[in-house]
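What follows is a single structure, written as structure tokens, with notes after it.
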Amino acid sequence: MEEKDTNHLNTGGQNGSSKNDADQAFPHVSVATQDQHFQFLSQKAQRLSTALYMLTNLFEHSDPLHQRLRELSL
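Heads up: take any position in the sequence shown, counting from 1, add 942, and you land on the numbering used here.
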């Protein structure tokens, strides 16, 4: 019974090490995924900022909310 437990532990260890080997062999894959995520978030932030600027164009320039919303959007 102990042999089965040892084999099970070895199998788990091998799966974990092969994942680490794959991460080390292809580090650009995780960087590309992070870069795509950053690009997606950046585009969303730009669109929200543009929408706020378009909305604040409708306000009077003397309105304090006009300038405050623009400052916060940046």
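We put the CB at the ideal spot given by N, CA and C, even for glycine.
Please return the same chain residues whose Cβ sits closer than 8 Å to the Cβ of L990, not counting the five positions on each side in sequence.
On the sequence shown, residue 990 is found 48 positions in, with the first residue counted as 1. Taken in chain order, the residues that qualify are S1015.
Length of the line joining the Cα atoms of S984 and R1012:
Stepping through the sequence shown from its first residue, residue 984 is reached at position 42. Stepping through the sequence shown from its first residue, residue 1012 is reached at position 70. Between S984 and R1012, the C-alpha separation is close to 17 Å.
Between the C-alpha atoms of Q988 and Q981, what's the straight-line distance to the nearest angstrom?
Position 46 of the sequence shown, counting from 1, holds the residue named residue 988. Position 39 of the sequence shown, counting from 1, holds the residue named residue 981. If you take the alpha carbons of Q988 and Q981, they lie about 10 Å apart.
State the Cα-Cα distance for the pair L1007 and T992, rounded to the nearest angstrom.
For the purposes of this step, residue 1007 is taken as residue 65 along the sequence shown, with counting starting at 1. For the purposes of this step, residue 992 is taken as residue 50 along the sequence shown, with counting starting at 1. About 16 Å.
Here's a check: name, in chain order, each residue in its chain whose Cβ is nearer than 6 Å to the Cβ of T998, leaving out the five neighbours to either side.
Along the sequence shown, read from residue 1 onward, the residue named residue 998 stands at position 56. So the qualifying residues of the chain are H1008, L1011 and R1012.
Got a sec, what are the start and stop residues for the alpha helix (DSSP H) H1003 sits in?
Here residue 1003 refers to the residue found at position 61 of the sequence shown. Segment: none, H1003 is in no alpha helix (DSSP H) and carries neither H nor E.
Which value, in whole angstroms, describes the spacing of the CA atoms of E1002 and T975?
Here residue 1002 is taken as the residue at index 60 of the sequence shown, counted from 1. Here residue 975 is taken as the residue at index 33 of the sequence shown, counted from 1. One C-alpha to the other measures close to 43 Å.
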